[in-house]
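Everything on this sheet refers to the single structure shown next.
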Amino acid sequence: MDDDDFGVPRWRTHAPEYWRINLRDDILVTMIGTTNPMPDWAVGEAERDWYLARTHRPREDYVAERVPGPFTRALADEQARRQRLLADHQATLRAARGES
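For the sequence shown, the UniProt record's numbering assigns the number 1 to the initial residue and increments by one for each residue that follows.
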């Protein structure tokens, strides 16, 4: 185990791919910056199904998709995706108000 793994097994942080379980973008975009819900991450279909069975909202409100690993890359990609999502949403709101 590496010193920077904080006791997390290497197979959890260095998997070739992960399942990102997140709210749908149309729901998530209104929450970024306020409650800012973070996605759940699963290593395998059984773990993905476990998370989806324990969601607080209806199953239809969630999207589960495979993303490439390692975990640090998956987190960085998710952060960049959220920033793009928020920027697009803000541009749409500005356009609706007639701002440039």
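Glycine is no exception: its CB is placed at the ideal position from the N, C-alpha and C atoms.
Model, not experiment: these values are computed from the prediction.
Fill in: Coil, strand or helix - GLN83 by DSSP
For the purposes of this step, residue 83 is identified with residue 83 of the sequence shown, where counting begins at 1. Here GLN83 sits in helix by DSSP.
Worksheet item: Anyone know if the C-beta pair for TYR18 and VAL63 falls short of 7 angstroms?
Response: In the sequence shown, the residue the question calls residue 18 occupies position 18. In the sequence shown, the residue the question calls residue 63 occupies position 63. Contact: no.
Worksheet item: Taking just the CA atoms, how far does ALA87 sit from MET1?
Response: One-based indexing of the sequence shown puts residue 1 at position 1. One-based indexing of the sequence shown puts residue 87 at position 87. Low local confidence applies: a pLDDT of 46 at MET1 is under 50, so the model's placement there is unreliable, with the coordinate-based value given in what follows. If you take the alpha carbons of MET1 and ALA87, they lie about 38 angstroms apart.
Worksheet entry | Cβ-Cβ distance between ASP61 and LEU28 below 7 angstroms | Translated into the one-based positions of the sequence shown, residue 61 becomes position 61. Translated into the one-based positions of the sequence shown, residue 28 becomes position 28. Cβ atoms of ASP61 and LEU28: not closer than 7 angstroms.
Discussion item. Can you tell me which residues form a DSSP beta bridge with TYR62?
Written reply: Counting from 1 along the sequence shown, the entry for residue 62 is found at position 62. The partner list for TYR62 (beta bridge, DSSP) reads LEU23.
Worksheet entry | Exposure of ASP77, with buried meaning 16 or more beta-carbon neighbours within 10 Å | In the sequence shown, counting from the first residue as 1, residue 77 sits at position 77. Its Cβ having fewer than 16 others within 10 Å, ASP77 is exposed.
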